[in-house]
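Q: Have a look at this one before I ask anything.
Protein chains in written order, with the numbering used here: chain A, 32 to 245; chain B, 28 to 272.
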């Protein structure tokens, strides 16, 4: 025989479970409606078409461990962060081509974001909204995990990828003097088992290699 | 009562030692400790002219397989085989060799540098292999050369030895080219090498290519032996250069 107080407790808990289930369902529906409303793809603003400009890319070559500057025409946004992402996207697109001298799969989608910040300890920070107008900047390149997972392993190939990214950023955004790397938003020890991704790279390192070539 | 008072006046303790004896003993212990500490510090930094040691770091191992190579081989297997071969050649020539691993075990990057720094070696080689590029790639740390200091940061310990590392890379480059191999020199940032205090280089072996454009794969035992012989010759040359006044 079940005691009376246990029966009452059971009924109360059952009712509470039902109420919580209904509330959860309503919350889920509300969140879904908000998501659908937020993803409204109705074109309400004409896309801004960036003008085509020339960009200098430091393109790596595995056969002689070199970085050679190449000039390409591509649409470049006015905003520095988007501009940095555009030039790096073009660089990685070159590496993803079948006949690339430095083959690395992934292409432009491998760069998730590029953040530009004033160099810590450098000149005074620029006013908000005028990040381009100031002194030396630190670029934080956020690579995708897929790019890192499929990058060929080796000291030479990894070093060339890192230095070509640093050199290309500096060639097109001279204020960028230092570069750091993240992978999916987090710090990672190495690119593919060799090149150190925990340190801050100086953009001048890549230019020294490019300049030392005949 | 009288004898006790006399004992105190004369400075005697319960164990029968005088205060002066305690003072002398304490002073002696302090001096010995001081001399031991000062004697150990130079031992860690000054090389004995008669001792020539080389550290061979077979990269990767255990859980870390490294890169994928020809014929389903992995980098950790290749580097260990090259390390064993090179160790035999060097020991046959009377060179003391310290290795970071002797089997397929996981050795983390800091531990490798610790082993190298404890060995107080005159040359440290981090051995790697890759399918990209061709010939042998020789890398020196990209750290800016710095003057040696008593205390150095772990991640930039190599900075004080970069100049010597560049010289070592030059000797290795000459030996490899003399053996008929394509060599590319470069600077890089490898956590292990950057923490080493000895003259250190990273040697990455890639498939060879002869004048007839025929590719020699990494699993070619003759090619591996050729690389090991050239590296052994380079280290002998390095030892000879180090003994010159």
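C-beta: ideal position from N, C-alpha, C; glycine also. Remember, it's a predicted structure, so these values are computed and weren't measured experimentally.
1. Closer than 8 Å, Cβ to any Cβ of chain A: which residues of the segment 229–256 of chain B, in chain order?
2. If we cut at 8 Å on Cβ distances, does residue 128 of chain A have a partner in chain B?
3. Name, going along the chain, the residues of the segment 79–102 of chain A whose beta-carbon falls closer than 7 Å to a beta-carbon of chain B.
4. Among B:234, B:93, B:216 and B:267, which one has its Cα closest to the Cα of residue 106 of chain B?
5. Taking Cβ positions only, does residue 179 of chain B come closer than 8 Å to chain A?
6. Indicate the three-state DSSP secondary structure (helix, strand or coil) for residue 238 of chain B in the structure shown.
7. Taking 7 Å as the limit between beta carbons, can you name the residues of its chain near residue 196 of chain B, skipping five residues before and five after?
8. Short of 8 Å in beta carbon distance, which residues of its chain neighbour residue 194 of chain A, apart from the five on each side in sequence? Order them along the chain.
9. Taking contact to mean 3 or more Cβ pairs, one atom from each stretch, closer than 8 Å, check whether the segment 137–148 of chain B and the segment 208–222 of chain B are in contact.
10. Indicate whether the contact test is met: 3 or more Cβ pairs, each with one atom in the segment 216–233 of chain A and one in the segment 179–191 of chain A, closer than 8 Å.
11. Compute the distance between the beta-carbons of residue 203 of chain A and residue 114 of chain A, then report whether it is under 8 Å.
12. Which term fits residue 130 of chain A, buried or exposed, when burial requires 16 or more other beta carbons within 10 angstroms of its beta carbon?
13. For residue 56 of chain A, count neighbouring Cβ atoms within 10 angstroms of its own Cβ and tell me buried if that reaches 16, exposed if not.
14. Over the uninterrupted beta strand (DSSP E) stretch that includes residue 15 of chain B, give me the two end residues.
15. Identify which residue in B:269, B:98 and B:88 has its Cα closest to the Cα of residue 135 of chain B.
16. Provide the residue span of the alpha helix (DSSP H) that contains residue 180 of chain A, from first to last.
17. Considering just the uninterrupted stretch of the alpha helix (DSSP H) at residue 111 of chain B, what are its terminal residues?
18. Examine chain B for any beta-carbon lying closer than 8 Å to the beta-carbon of residue 226 of chain A, and answer yes or no.
19. Are the beta-carbon atoms of residue 83 of chain B and residue 126 of chain B separated by less than 8 Å?
20. For the alpha helix (DSSP H) holding residue 282 of chain B, just list the boundary residues, first then last.
21. What is the rounded straight-line gap between the Cα of residue 17 of chain B and the Cα of residue 98 of chain B?
22. Straight-line CA distance for residue 173 of chain B to residue 186 of chain B?
23. Hey, is residue 269 of chain B's beta-carbon within less than 8 Å of any beta-carbon in chain A?
24. May I ask you to list, following chain order, the residues of the segment 179–195 of chain A that have a beta carbon less than 7 Å from some beta carbon of chain B?
25. Give me the chain A residues within the contact set of residue 205 of chain B, using Cβ-Cβ distance strictly less than 8 Å, ordered along the chain.
26. Once the 5 residues before and after residue 216 of chain A are set aside, which same chain residues still bring their CB inside 7 Å of it?
27. Take every Cβ of the segment 241–252 of chain B, pair it with every Cβ of the segment 175–184 of chain B, and state whether three or more of those distances are shorter than 8 Å.
28. According to DSSP, is residue 83 of chain A part of a helix, a strand, or is it coil?
29. For residue 208 of chain B, which residues from the same chain have a beta carbon less than 8 Å from its beta carbon, with the 5 sequence-adjacent residues on both sides left out?
30. Does DSSP put residue 97 of chain B in a helix, in a strand, or in coil?
31. Using alpha carbons as the reference points, say which of B:226, B:193, B:78 and B:210 lies closest to residue 121 of chain B.
32. In angstroms, rounded to a whole number, what distance separates the CA positions of residue 104 of chain B and residue 131 of chain B?
33. Which residues in chain B have a C-beta closer than 7 Å to the C-beta of residue 230 of chain A? List them in chain order.
34. Based on the DSSP secondary-structure assignment, which residues constitute the bridge partners of residue 243 of chain B?
35. Let's test the definition: count the other Cβ atoms within 10 Å of the Cβ of residue 265 of chain B and tell me whether it reaches 16, buried, or not, exposed.
36. Taking C-beta pairs closer than 8 Å, name the residues in chain B that residue 236 of chain A reaches, listed in chain order.
A: If we stick to the structure as given:
1. 229, 231 and 233
2. Locating residue 128 of chain A in the first chain gives position 97, where the first residue counts as 1. It does not; no Cβ of chain B falls within 8 Å.
3. When CB distances to chain B are screened at a threshold of 7 Å, the residues of the segment 79–102 of chain A falling below it are 93, 94, 95 and 96, in chain order.
4. Here the question's residue 106 of chain B lines up with position 79 in the second chain. The shortest C-alpha separation from residue 106 of chain B is found at B:93.
5. Walking along the second chain from the start, residue 179 of chain B turns up at place 152. With 8 Å as the cut-off, residue 179 of chain B does not count as an interface residue toward chain A.
6. Here residue 238 of chain B is taken as the residue at index 211 of the second chain, counted from 1. Coil at residue 238 of chain B, not helix or strand.
7. Here residue 196 of chain B is taken as the residue at index 169 of the second chain, counted from 1. Same-chain partners within the cutoff: 165, 167, 212 and 228.
8. Counted from its first residue, the first chain places residue 194 of chain A at position 163. Closer than 8 Å at Cβ, skipping near neighbours: 89, 91, 98, 232, 236, 237 and 240.
9. Contact between the segment 137–148 of chain B and the segment 208–222 of chain B is established, with three or more Cβ pairs separated by less than 8 Å.
10. The answer is yes - the segment 179–191 of chain A touches the segment 216–233 of chain A, with three or more Cβ pairs under 8 Å.
11. For the purposes of this step, residue 203 of chain A is taken as the residue at position 172 of the first chain. For the purposes of this step, residue 114 of chain A is taken as the residue at position 83 of the first chain. Yes, they are a contact pair.
12. Sequence index remark: in the first chain, residue 130 of chain A carries index 99 (1-based). When all chains shown are included, residue 130 of chain A counts as exposed.
13. By one-based count along the first chain, residue 56 of chain A stands at place 25. Exposed.
14. Because chain B here runs from 28 to 272, residue 15 of chain B falls outside it and cannot be looked at.
15. As a first step, residue 135 of chain B is located in the second chain; it is residue number 108 there, counting from the start. Comparing Cα positions, the closest option is B:88.
16. Numbered from 1 along the first chain, position 149 holds the residue referred to as residue 180 of chain A. Where residue 180 of chain A is concerned, the enclosing alpha helix (DSSP H) stretches over 176–181.
17. Taking the first residue of the second chain as 1, we reach residue 111 of chain B at position 84. Note, residue 111 of chain B: alpha helix (DSSP H), 102–119.
18. In the first chain, counting from the first residue as 1, residue 226 of chain A sits at position 195. Closer than 8 Å to some Cβ of chain B, the Cβ of residue 226 of chain A qualifies, so yes.
19. If you number the second chain from 1, residue 83 of chain B lands on position 56. If you number the second chain from 1, residue 126 of chain B lands on position 99. With contacts defined by Cβ atoms closer than 8 Å, residue 83 of chain B and residue 126 of chain B form a contacting pair.
20. Here chain B comprises residues numbered 28 to 272, so residue 282 of chain B is not present and cannot be evaluated.
21. Any answer about residue 17 of chain B is impossible in this case: the structure gives chain B only from 28 up to 272.
22. As a first step, residue 173 of chain B is located in the second chain; it is residue number 146 there, counting from the start. As a first step, residue 186 of chain B is located in the second chain; it is residue number 159 there, counting from the start. Their Cα atoms are separated by approximately 5 Å.
23. What you label residue 269 of chain B is simply residue 242 of the second chain in a count that begins at 1. No, residue 269 of chain B lies away from the interface with chain A (no Cβ there is under 8 Å from its Cβ).
24. 183, 184, 185, 186, 187, 188 and 190
25. Reading the second chain from its first residue, position 178 is the one you call residue 205 of chain B. The premise fails here: residue 205 of chain B is roughly 20 Å from chain A at the closest Cβ pair, so nothing lies under 8 Å.
26. Taking the first residue of the first chain as 1, we reach residue 216 of chain A at position 185. In its chain, beyond the 5 residues on either side, 173 have a beta carbon closer than 7 Å to the beta carbon of residue 216 of chain A.
27. With the cut-off at 8 Å, the segment 241–252 of chain B and the segment 175–184 of chain B do not touch.
28. Against the first chain, residue 83 of chain A aligns to sequence position 52. Three-state DSSP puts residue 83 of chain A in a strand.
29. To locate residue 208 of chain B, count along the second chain from 1; it is residue 181. So the qualifying residues of the chain are 162, 163, 235, 253, 254 and 257.
30. Against the second chain, residue 97 of chain B aligns to sequence position 70. The answer is helix: DSSP assigns residue 97 of chain B an H, G or I state.
31. Within the second chain, residue 121 of chain B is the residue found at index 94, counting from 1. If we check each option's Cα against that of residue 121 of chain B, B:78 comes out closest.
32. As a first step, residue 104 of chain B must be located in the second chain, where it is residue number 77. As a first step, residue 131 of chain B must be located in the second chain, where it is residue number 104. In a straight line, the C-alpha of residue 104 of chain B is about 8 Å away from that of residue 131 of chain B.
33. On the first chain, position 199 is the one that residue 230 of chain A refers to. Result: 216.
34. What you label residue 243 of chain B is simply residue 216 of the second chain in a count that begins at 1. In DSSP, residue 243 of chain B forms a bridge with B:235.
35. Numbered from 1 along the second chain, position 238 holds the residue referred to as residue 265 of chain B. That one is buried.
36. Within the first chain, the letter at position 205 stands for residue 236 of chain A. Correct list: 169 and 214.
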